[in-house]
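Structure first, then comments.
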Amino acid sequence: MYFQPKNLDEALEIKAKLGADGTLLAGGTDLVVGIRKGRTQVSNFIDLSKVAELGELQEQDGFLRIGAATVHRRLESCAHKALADAAATVGGPQIRNLGTVGGQIGTASPAGDVSVALIALNAEVELLSAARGSRRLPLADIFTGPGKTSIADDELIRAVWVPHGRRSEFYKIGKRDAVAISVVMAAASIGPSNDVAIGIGCVAPTPLRCRRAEDHINSHGLDGATINDAAQIVREDVSPIDDHRAGAAYRREMAGTLTKRLLWRLLHSKGG
Amino acid sequence: MTRRQLDIFNRQDQAAIDKTAERVRKTEATWPLRFTVNGKPVEVAVDPEESLYDTLRERLRLTGTKGACLEGECGSCTVLLDGKPVTACLVMAPQVAGRKVTTIEGLAADDRLHAVQESFIAAGAVQCGYCTPGLIVSAAALLEENPQPTADQVREALEGNLCRCTGYTKIIDAVLDASSSGTEDKANAGVD
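Residue numbers (my numbering), protein chains in the order written: chain W, 175 to 446; chain R, 36 to 227.
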């Protein structure tokens, strides 16, 4: 069956009724490919393209609130550098005009560029259900495995909340500039009290938040020595795999290198 | 290409087209879809689980849109959705309800080709031609948004379109020629 709710309430009602048997369709850039390749079976589509509320982008309470159906293209010009840069590296222009932030989070790929940038920006995800209303939790906490999240069967992603006031950087290693899944990518940010956050992709079953490296810097300060330590901690904490795009050893090495590179950028831009 | 090679090529192409057409015809067209195609309002019954690519080619017979990878990697099936380039193979047909779709067939006005089409011909920016409709649609969208792109901006706008004959240089030249910056360059060159 194919459902096309006209608004958020209708979408929530259908999702509540169908539960796990209702597959949410946003940009389709992952889902439709999965279906065509036989990876994904869908018994019921819930097409969110007519739910206008999900496409809203607004400033609210010191956060940028990004509606779940906001396409990557719109984020390319956003004020958070890591997020803008990550959005601009997704697919090609055609994919960025279709693919959405909520879709990428829900897909829960360890290679989600935008998810990694959002994690490094301390973003929160707002989930919504007909029965329990909305709840907000740190984005990094919802990923439980490749393609798996802790989002309940009757919930949908309403929005992502990105706090203002953090400077951020993003770096992606891929086989080519466009339409290429990342080999390794990372993002980092620094807040008003010089607290650092680090996210890394393609090196673990989920987009990874490197808490141990963050804690080290946040208790010892950001300088050349702690940056080297952080890179080492990251190399210890990642668990990459070998695949046709790169070897695990390379990914591990690069996870540390990108951490170092991003933290140096944040350190340099601090003074000037 | 020899006559024999061409025959084989055409037979394979036709077989693929027939197979897709049969697959689409066999599905149940139960979903009434209303949208605008190339400026004209259209009402067509579709299978809600078919792609916009199938609707355009098999139901509306707009076969200018080409499909190669059918998984969003190659850009051959690029059309404009509300003016923005998208890969038609990844769009579910019901998602375009009430929206405007422009295909390669919609770029020419009456009997006049679009400037990008003219410049592709003039620059010889076509080899096998399969990627050409998608490239022209992407380029037309770029020039609509930015009438004077730099060569790098052209490359960026076309990064989602693959040409396996790899003739990118003339493609980029053609887009620059069609842009107003290309016109200016030519005018300046004329003065020199």
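Don't be surprised by glycine CBs; every beta carbon is placed ideally from N, CA and C.
Per the coordinates, the alpha-carbon of Leu249 of chain W lies some 14 Å from the alpha-carbon of Glu233 of chain W. Against Gly110 of chain R, the close residues of chain W are Gly266, Gln268, in the order they occur along the chain (beta-carbon pairs closer than 7 Å). Think of a sphere of 8 Å around the beta carbon of Gly202 of chain W: the chain R residues whose beta carbon falls inside it are Leu125, Val126, Met127, Gln130, in chain order. Contiguous beta strand (DSSP E) elements confined to the stretch 179-211 of chain W occur at 196-199, taking only those with 3 or more residues. No Cβ of chain R is located within less than 8 Å of the beta carbon of Ser393 of chain W. No Cβ of chain R is located within less than 8 Å of the beta carbon of Ser363 of chain W.
Annotation for Ala352 of chain W: Gly266 place their beta carbon closer than 6 Å to its own, counting only its chain and skipping 5 residues before and after.
Listed by position along chain R, the residues whose Cβ is nearer than 7 Å to that of Gln178 of chain W are Pro129.
Annotation note: the stretch 109-194 of chain R contains the following uninterrupted beta strand (DSSP E) runs of length 3 or greater, listed N- to C-terminal: 113-116, 119-122, 135-137.
Under the Cβ criterion of 8 Å, Val336 of chain W is not counted among the residues facing chain R.
Those residues of the stretch 341-365 of chain W placed with their C-beta closer than 8 Å to a C-beta in chain R are Asp351, Ala352, Val353, ordered along the chain. For Ser289 of chain W, the enclosing alpha helix (DSSP H) covers residues 287-294. The stretch 365-383 of chain W makes contact with the stretch 410-423 of chain W: 3 or more CB pairs, one atom from each, lie closer than 8 Å. From the listed residues R:Leu68, R:Ala192, R:Cys109, the smallest Cα separation to Ala262 of chain W is found for R:Ala192.
Under the Cβ criterion of 8 Å, Ser217 of chain W is not counted among the residues facing chain R. With 16 or more other Cβ atoms from the protein chains shown falling within 10 Å of its own Cβ, Leu330 of chain W counts as buried. At a cut-off of 8 Å between C-beta atoms, Ser223 of chain W counts as an interface residue with respect to chain R. The three-state secondary structure of Ala260 of chain W, taken from DSSP, is helix. Here the alpha carbon of Met175 of chain W sits roughly 11 Å from the alpha carbon of Trp66 of chain R.
Of all residues in the stretch 181-208 of chain W, only Leu199, Gly202, Thr203, Val206, Val207 place a beta-carbon less than 7 Å from a beta-carbon of chain R. For Arg213 of chain W, no chain R residue has a Cβ inside 8 Å of its Cβ, as the nearest lies near 11 Å away. Close partners of Glu84 of chain R in chain W (Cβ separation under 9 Å): Tyr176, Ile209, Val216, Phe219.
From the listed residues W:Asp259, W:Ala226, W:Ile355, the smallest Cα separation to Ser283 of chain W is found for W:Ile355. Against chain R, the CB of Asn271 of chain W has a partner CB under 8 Å away; the residue lies at that interface. Within chain W, the C-beta atoms nearer than 8 Å to that of Ala192 of chain R come from Pro267, in chain order.
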